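The numbering of the sequence shown is this note's numbering, which starts it at 7 and goes up by one.
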Amino acid sequence: YRYLPDTLKTFRPTTPGLRHKVILVRTALWKYRPVKSLAVHYPDAAGRNNSGRITVRHRGGGNKVRTLTVNYMYSTPEIPKQLLGLEYGRRRSSWLSLVYYANGVMAYHPMVEGLEPGSTVFAHHKPGSAMVPMPGEWWKLGDLPAGQLICNIEFRPNGGGQIARAAGASALVLANKPETERQGLVPILMPSKEVRLLQADCWCTIGRIGCADHKFEKHGKAGRKRWFGRRPQVRGIAMNAVDHKHGGGKGGKTSGKGGGRRPGPWSCYGRIRAHHMKTRSKKLRSWDNIARRRQDSRGLNNTQMLQWSKKAYTKAQKARAKLQLSSKTRASKINLQASKAHLEKLREEYYASRPPVDQ
């Protein structure tokens, strides 16, 4: 672990479990208990469905925890908010941000990299203004410049963030048109290198999700995985013949029972795995909004994708004709405890302190 980044923590190898354990440094986390009204306990289903049958294997047990309710909606863009602290989110890859709104409401949002506790964040309400997007701000896709990193993106207007919500995830705005011509679709480079055309009225968060080094974490021992509700994964060759197609026999060999062979083309599993059977439905309405498949974007960096995006508007115009954009305006009738004059003063002071783009 000589070349691990500073965001990861290792332990003295006093036990085998600590020798291999690697976790994120948690010194920046909130030191207080979670908000009681936002912490809910969900009974563990242990991988069973409503009829009691196992639908997900290797699940069960684990510590009894309370899950923090995360708000992915952009329902109150006109209310300024302040980041109180960061909290550890159980069963999530990234941490959570505890946000306090000006009307007295508290909520958990996905953690954004570069946003420190104590900072005040506003939503962007001035289309066409020369403002530099800052991490944690709420912007609409139609107001963002090309090359901007975003996260927690709405797939449809007023639908809440659904894209790029995992640890270290982000999407890239490939291109955009001026204010007078942006009433259509915006090409977005997904984390899977697929280019999708999303509506310009969709909200997003500036920056990328924090805890990007989560992929380097290691449990260190099997017992720690049991604390998280993960049970052992038994190999098929170690089972009996009645329990698995690789089971049975003597000596643990695979000969004579087809172990390790790939299924034939007559098997549905074999067609999917060996012959690349397509599993993506062609009847989805959102299929027309895919400007570039992820298979066609392999090996291309973000700069090359930005150059390619200049040709994507031809297909965007065709997709715009098929897609009927909803003209519903966002509901803004919210009873604020703080006065509107005070909120307007805060917003004006915030915009006055921000540098323009040309500087």
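Beta carbons are placed, not taken as given, at the ideal position from N, Cα and C, and that holds for glycine.
Since the model is a prediction, treat every value here as computed from it, not as a measurement.
Using only alpha-carbon positions, find the residue among the options that is nearest to residue i.
{"i": "residue 152", "options": "233, 120, 124 and 194", "result": "194"}
{"i": "residue 102", "options": "257, 73 and 295", "result": "73"}
{"i": "residue 45", "options": "95, 31, 63 and 227", "result": "95"}
{"i": "residue 145", "options": "130, 158, 155 and 154", "result": "130"}
{"i": "residue 86", "options": "160, 128, 80 and 70", "result": "128"}
{"i": "residue 239", "options": "62, 126 and 16", "result": "62"}
{"i": "residue 88", "options": "250, 13, 108 and 14", "result": "108"}
{"i": "residue 81", "options": "71, 91 and 115", "result": "115"}
{"i": "residue 155", "options": "17, 196, 66 and 237", "result": "196"}
{"i": "residue 208", "options": "49, 214 and 192", "result": "192"}
{"i": "residue 222", "options": "69, 292, 31 and 149", "result": "31"}
{"i": "residue 231", "options": "43, 83 and 65", "result": "65"}
{"i": "residue 180", "options": "202, 84, 20 and 190", "result": "202"}
{"i": "residue 75", "options": "43, 58, 83 and 84", "result": "43"}
{"i": "residue 122", "options": "47, 84 and 34", "result": "34"}
{"i": "residue 291", "options": "248, 284 and 161", "result": "161"}
{"i": "residue 125", "options": "138, 79 and 143", "result": "143"}
{"i": "residue 176", "options": "168, 157, 182 and 190", "result": "157"}
{"i": "residue 48", "options": "83, 289, 97 and 288", "result": "97"}
{"i": "residue 70", "options": "233, 287, 246 and 284", "result": "233"}
{"i": "residue 295", "options": "190, 111, 25 and 36", "result": "190"}
{"i": "residue 168", "options": "79, 84 and 248", "result": "79"}
Over what stretch of residues does the beta strand (DSSP E) that includes residue i continue unbroken?
{"i": "residue 297", "result": "296-298"}
{"i": "residue 211", "result": "209-212"}
{"i": "residue 65", "result": "Per DSSP, residue 65 belongs to no beta strand (DSSP E) and is neither H nor E."}
{"i": "residue 202", "result": "201-205"}
{"i": "residue 121", "result": "Residue 121 -> no beta strand (DSSP E), and no H or E assigned at all."}
{"i": "residue 195", "result": "191-195"}
Who does residue i pair with in a DSSP beta bridge?
{"i": "residue 16", "result": "28"}
{"i": "residue 289", "result": "DSSP, once it has assigned bridges, lists no residue as partnering residue 289."}
{"i": "residue 103", "result": "92 and 115"}
{"i": "residue 167", "result": "160"}
{"i": "residue 144", "result": "129 and 211"}
{"i": "residue 256", "result": "Its beta-bridge partners do not exist; DSSP assigns none."}
{"i": "residue 179", "result": "194"}
{"i": "residue 60", "result": "54"}
{"i": "residue 87", "result": "107 and 127"}
{"i": "residue 45", "result": "74"}
{"i": "residue 35", "result": "92"}
{"i": "residue 155", "result": "178"}
{"i": "residue 224", "result": "28"}
{"i": "residue 98", "result": "Note: residue 98 sits in no beta bridge, so no partner."}
{"i": "residue 236", "result": "65"}
So, are the CB atoms of residue i and residue j less than 7 Å apart?
{"i": "residue 23", "j": "residue 226", "result": "yes"}
{"i": "residue 100", "j": "residue 216", "result": "yes"}
{"i": "residue 224", "j": "residue 28", "result": "yes"}
{"i": "residue 90", "j": "residue 219", "result": "no"}
{"i": "residue 170", "j": "residue 159", "result": "yes"}
{"i": "residue 53", "j": "residue 60", "result": "yes"}
{"i": "residue 113", "j": "residue 77", "result": "yes"}
What residue range does the alpha helix (DSSP H) around residue i cover?
{"i": "residue 231", "result": "228-233"}
For my contact list, residue i and residue j are in at a C-beta cut-off of 8 Å; report their separation, rounded to the angstrom.
{"i": "residue 205", "j": "residue 163", "result": "6 Å"}
{"i": "residue 118", "j": "residue 211", "result": "6 Å"}
{"i": "residue 243", "j": "residue 257", "result": "At roughly 11 Å, the Cβ-Cβ gap does not stay under 8 Å, so residue 243 and residue 257 are not in contact."}
{"i": "residue 214", "j": "residue 174", "result": "7 Å"}
{"i": "residue 40", "j": "residue 93", "result": "6 Å"}
{"i": "residue 229", "j": "residue 50", "result": "About 18 Å; that fails the 8 Å criterion."}
{"i": "residue 150", "j": "residue 139", "result": "7 Å"}
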